[in-house]
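A short write-up of the structure that comes next.
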Amino acid sequence: MSHQRIAPNVSETSNQLAEALAALRTELELPAGYPAEALRDAEAAVSGHRLPAQDLTDVPFITIDPASSTDLDQALFIERSGNGYRVLYAISDVPSFVPPGGALDAETRHRGQTYYAPDGRIPLHPEIISEHAGSLLAGQDCGAFVWDFELDAEAEFRTVSVRRASVRSRAKLNYKGVQSAIDSGTADPVLQLLKEVGLKRVELERRRGGASLNMPEQEIVQLPDGGGTGSSQLPRCPSRTGTPRFRS
């Protein structure tokens with residue numbers, strides 16, 4: 039008895055996926071481009087922006103994100119402090135680029151958040167802010183809200199404070215590179231402490247009855263030469279879940 043292998047038409051399947059994702063955006067009424075007035079507000083805000091007076095640009099912050107990311111809104115620095123740790127966690131002060139009452143303010147309120155759709159990101163703020171002036175790019179001075187955590191030897195919180203300050207990231211790292219450096223034992227001291235403190239925070243979570251769901255992640259990619267879209271499953275990367283634990 040003969041057997042015939044029936045393979046799907048990859049081009050047809052990927053085009054169907056792209057059409058389905060586009061239809062989903064329409065169904066959910068997700069925003070597309072920005073109104074011209076909102077873009078003018080953004081350009082004016084960037085050109086006239088002033089950094090916070092408090093200067094923390096001497097702190098060697100780093101960012102850890104997907105390799106292709108340019109909207110870098112979080113940075114960290116960790117050091118030993120007595121028998122515990124000090125963690126500085128900076129969140130970009132993007133709202134300082136949005137003057138109240140204007141067209142950009144109205145548009146960001148309408149959007150409410152950045153949408154991470156399977157086929158692309160729909161940003162809350164225009165790229166001139168989110169990926170340039172308001173992004174914690176390496177070597178760029180940027181305003182941020184900086185949380186200052188003092189942790190004990192078990193990584194429990196002792197004290198925490200927050201302030202607005204000017205910061206400067208020293209390096210744009212990615213999850214895969216960070217994980218590789220940690221696994222090979224070649225990581226910089228800050229990354230070694232990231233693992234050390236992260237594991238202790240995981241243990242604290244376990245003790246209090248918390249749980250982390252290591253759900254598989256899929257990535258939607260544009261195929262070359264207009265071939266539509268395809269999907270692939272991303273490998274689990276522990277460094278991808280390490281930094282957010284400082285905010286728990």
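Residue numbers (my numbering): 39 to 286.
Positions of the beta carbon are idealized from the N, C-alpha and C atoms, including for glycine.
Predicted, not measured: the structure shown is a model, and the values here were computed from it.
What do you reckon, are the CB atoms on residue 115 and residue 84 nearer than 8 Å?
The sequence position of residue 115 within the sequence shown is 77, counting from 1. The sequence position of residue 84 within the sequence shown is 46, counting from 1. Their beta carbons are not under 8 Å apart, which means residue 115 does not touch residue 84 by this criterion.
Does DSSP classify residue 212 as helix, strand or coil?
In the sequence shown, the residue the question calls residue 212 occupies position 174. Assignment of residue 212 by DSSP, reduced to helix, strand and coil, places it in the strand class.
Chain C contact for residue 198 (CB, 8 Å cutoff):
Here there is only one protein chain, and chain C is not present.
Using alpha carbons as the reference points, say which of 139, 132 and 157 lies closest to residue 151.
Counting from 1 along the sequence shown, the entry for residue 151 is found at position 113. The shortest Cα separation from residue 151 among 139, 132 and 157 belongs to 132.
What's the C-alpha gap between residue 57 and residue 159?
As a working note, residue 57 is residue 19 in the sequence shown. As a working note, residue 159 is residue 121 in the sequence shown. Approximately 17 Å between the Cα atoms of the pair.
Give every residue of the same chain whose Cβ lies closer than 6 Å to the Cβ of residue 285, excluding the five residues on either side of it in the sequence, and list them in chain order.
To locate residue 285, count along the sequence shown from 1; it is residue 247. Because the pLDDT at residue 285 is just 46, under 50, the model does not fix this residue reliably, and the value given afterwards should be weighed accordingly. None.
Identity of the residues DSSP links to residue 102 by a beta bridge:
Here residue 102 is taken as the residue at index 64 of the sequence shown, counted from 1. Paired residues: 211.
Residue burial classification, residue 106 (beta-carbon count within 10 angstroms, cutoff 16)
Start at 1 with the first residue of the sequence shown, and residue 106 comes out as number 68. So residue 106 ends up on the exposed side.
Going straight from the alpha carbon of residue 88 to that of residue 253, what length do you get?
Numbered from 1 along the sequence shown, position 50 holds the residue referred to as residue 88. Numbered from 1 along the sequence shown, position 215 holds the residue referred to as residue 253. So the two alpha carbons sit approximately 41 Å from each other.
Where residue 81 falls: helix, strand or coil (DSSP)
Residue mapping note: residue 81 aligns to position 43 of the sequence shown, counting from 1. Reduced to three states, the DSSP call for residue 81 is helix.
Start and end of the beta strand (DSSP E) containing residue 10?
A question about residue 10 goes unanswered here, because the residues of the chain that appear run from 39 up to 286.
Cβ contact check for the stretch 170-190 and the stretch 202-216: 3 or more pairs under 8 Å
Touching, per the Cβ criterion.
Might you give, ordered along the chain, the residues of its own chain that have their beta carbon closer than 6 Å to the beta carbon of residue 54, omitting 5 neighbours on each side?
On the sequence shown, residue 54 is found 16 positions in, with the first residue counted as 1. Apart from the 5 residues on each side of it in sequence, residue 54 has no Cβ closer than 6 Å to any other Cβ in its chain.
Considering only their Cβ atoms, is the gap separating residue 185 from residue 123 smaller than 8 Å?
Numbered from its first residue, the sequence shown carries residue 123 at position 85. Numbered from its first residue, the sequence shown carries residue 185 at position 147. Against a cut-off of 8 Å, the Cβ pair of residue 185 and residue 123 comes out as no contact.
Can you give the beta carbon distance from residue 129 to residue 111, rounded, assuming they're within the 8 Å contact cut?
One-based indexing of the sequence shown puts residue 129 at position 91. One-based indexing of the sequence shown puts residue 111 at position 73. Confirmed, Cβ separation roughly 6 Å.
Mapping the DSSP letters down to three states, classify residue 93 as helix, strand or coil.
Indexing the sequence shown from 1 puts residue 93 at position 55. Of the three classes helix, strand and coil, the one that applies to residue 93 here is strand, per DSSP.
Does DSSP put residue 246 in a helix, a strand or coil?
As a first step, residue 246 must be located in the sequence shown, where it is residue number 208. Three-state DSSP puts residue 246 in coil, outside helix and strand.
Suppose you measure from the CA of residue 191 to the CA of residue 232; what does that come to, to the nearest Å?
In the sequence shown, counting from the first residue as 1, residue 191 sits at position 153. In the sequence shown, counting from the first residue as 1, residue 232 sits at position 194. Near 14 Å, if we compare the C-alpha coordinates of residue 232 and residue 191.
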